[in-house]
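Below is one structure, written out as structure tokens, with a few remarks after it.
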Amino acid sequence: MRLCMLIPRPGWRTRRTAWWMLALCLLPVQQAAAQAASAEMLKAEVIYRALMFVTWPAGREAAGRSLPVCTLGEGRVETALQALQGRPIRHLSVEVRRLAKLDQAVHCQLLYVSTPTPMPALKAALADAPVLVVSDASAMLDHGAMINLQIEDGRIVFDVELDATRRAGLDISTKLLRLARFVRHQQPAS
1480 MRLCMLIPRP GWRTRRTAWW MLALCLLPVQ QAAAQAASAE MLKAEVIYRA
1530 LMFVTWPAGR EAAGRSLPVC TLGEGRVETA LQALQGRPIR HLSVEVRRLA
1580 KLDQAVHCQL LYVSTPTPMP ALKAALADAP VLVVSDASAM LDHGAMINLQ
1630 IEDGRIVFDV ELDATRRAGL DISTKLLRLA RFVRHQQPAS
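Using this note's numbering, the letters of the sequence shown map in sequence onto residues 1480 to 1669.
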């Protein structure tokens, strides 16, 4: 007789995924030498797991069998994101692309920006296209990023700009929003 039998329940996989994501976000980054590489790999994994909780407009997600994850700039996180190539997200497969120009980002579903990019340039290039903009550059939430990753007290944390995601037609699950350190959202005037 098995005592450690796991009985699937409705919502079991979603809860398990949320717990794994929470554990990943709260993992401390240990040694100084390994910290940079580990932090970049963890950021890439957080980005991958966040993709599971984002829904794009129906036409955008059904457009192909790949989910284009694009990077702008050169850095350790961009290199770490290459490890996501081919990993599944729902019925899609992650396709990592390096962009030479910001105006190519309209063909992506996620754009990772490592260097601060002025908001007018991001707005002009994307024009509220359904592209999830993620960054780890300081204060990028104020300059067009929708999710901003940071290391705080040795842990990876993230902030979300909810209004920007909604303007782009993206739906972020409340499961992901509950894990965020900060969710920026303007309350509608009554």
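Just so it is clear, CB atoms sit at the ideal spot from N, CA and C, and this is done for glycine as well.
Assign Thr1534 to one of three DSSP states: helix, strand, or coil. As a first step, residue 1534 must be located in the sequence shown, where it is residue number 55. Thr1534 falls in the strand class under three-state DSSP.
Classification of Arg1528 by the beta-carbon crowding that lies within 10 angstroms, buried from 16 upward: What you label residue 1528 is simply residue 49 of the sequence shown in a count that begins at 1. Burial call: buried.
Taking Cβ positions, are Leu1641 and Val1662 nearer each other than 7 Å? For the purposes of this step, residue 1641 is identified with residue 162 of the sequence shown, where counting begins at 1. For the purposes of this step, residue 1662 is identified with residue 183 of the sequence shown, where counting begins at 1. Going by C-beta atoms, Leu1641 is nearer than 7 Å to Val1662.
In chain order, what residues of the same chain have a beta carbon less than 8 Å from the beta carbon of Val1628, not counting five sequence neighbours either side? In the sequence shown, residue 1628 corresponds to position 149, counting from 1. Rather than Val, the amino acid found at residue 1628 in this sequence is Leu. Excluding residues within five positions, the ones whose Cβ falls inside 8 Å are Lys1522, Val1525, Ile1526, Val1613, Ser1614, Asp1615, Ile1635, Val1636, Phe1637.
So for Ser1614, helix, strand or coil by DSSP? As a working mapping, residue 1614 is identified with position 135 in the sequence shown. DSSP places Ser1614 in strand when its eight states are reduced to three.
Could you tell me if Ser1617 is buried or exposed, where buried requires 16 or more neighbouring beta carbons within 10 angstroms of its beta carbon? Indexing the sequence shown from 1 puts residue 1617 at position 138. Exposed, by the Cβ-count rule.
Can you tell me whether Gln1588 is buried or exposed, with buried defined as 16 or more other CB within 10 angstroms of its CB? Indexing the sequence shown from 1 puts residue 1588 at position 109. That one is buried.
What whole-angstrom Cβ distance do Ser1593 and Val1533 have, given they're in contact under 8 Å? Taking the first residue of the sequence shown as position 1, residue 1593 is located at position 114. Taking the first residue of the sequence shown as position 1, residue 1533 is located at position 54. Wrong, their Cβ atoms sit about 20 Å apart, outside the cutoff.
Rounded C-beta distance between Leu1581 and Ala1600? I'm assuming under 8 Å. Translated into the one-based positions of the sequence shown, residue 1581 becomes position 102. Translated into the one-based positions of the sequence shown, residue 1600 becomes position 121. Yes, they are in contact, since the Cβ atoms of Leu1581 and Ala1600 sit about 6 Å apart, within 8 Å.
Give a yes or no on whether the C-beta atoms belonging to Val1639 and Ala1659 are separated by under 7 Å. By one-based count along the sequence shown, residue 1639 stands at place 160. By one-based count along the sequence shown, residue 1659 stands at place 180. Contact: yes.
Would you please state the rounded distance, in angstroms, between the beta carbons of Ala1584 and Ala1604? I believe it to be under 8 Å. As a working mapping, residue 1584 is identified with position 105 in the sequence shown. As a working mapping, residue 1604 is identified with position 125 in the sequence shown. With a Cβ gap of about 6 Å, Ala1584 and Ala1604 count as contacting.
Locate the beta strand (DSSP E) running through Thr1594, then write down its first and last residues. Indexing the sequence shown from 1 puts residue 1594 at position 115. That residue, Thr1594, is in no beta strand (DSSP E); it is neither H nor E in DSSP.
Look at the Cβ atom of Leu1546, then the Cβ atom of Val1573, and state whether they are nearer than 7 Å. The residue given as residue 1546 occupies position 67 in the sequence shown. The residue given as residue 1573 occupies position 94 in the sequence shown. Cβ atoms of Leu1546 and Val1573: closer than 7 Å.
Our contact map puts Arg1577 next to Thr1550 with C-beta atoms below 8 Å; I'd like the distance itself, whole angstroms only. Here residue 1577 is taken as the residue at index 98 of the sequence shown, counted from 1. Here residue 1550 is taken as the residue at index 71 of the sequence shown, counted from 1. Their Cβ separation, rounded to whole angstroms, is 5 Å, which keeps Arg1577 and Thr1550 in contact under 8 Å.
Note down, in chain order, each residue of its chain lying with its Cβ closer than 6 Å to the Cβ of Ala1559, except the 5 sequence neighbours on either side. Counting from 1 along the sequence shown, the entry for residue 1559 is found at position 80. The answer, listed in chain order, is Glu1519, Met1520, Ala1523.
For His1664, count neighbouring C-beta atoms within 10 Å of its own C-beta (all shown protein chains included) and say buried if the count is 16 or more, exposed if not. Position 185 of the sequence shown, counted from the start, is the residue given in the question as residue 1664. That one is exposed.
Quickly, what does DSSP pair Asp1607 with across the bridge? List them, please. Translated into positions along the sequence shown, residue 1607 becomes position 128. For Asp1607, which the question treats as bridged, DSSP gives no partner whatsoever.
Quick check: the Cα distance between Gly1565 and Ala1647, rounded to an integer number of angstroms? Within the sequence shown, the letter at position 86 stands for residue 1565. Within the sequence shown, the letter at position 168 stands for residue 1647. Taking the straight line from one Cα to the other gives about 25 Å.
Backbone secondary structure at Leu1649 - three-state DSSP: Within the sequence shown, residue 1649 is the residue found at index 170, counting from 1. The answer is coil: DSSP assigns Leu1649 none of H, G, I, E or B.
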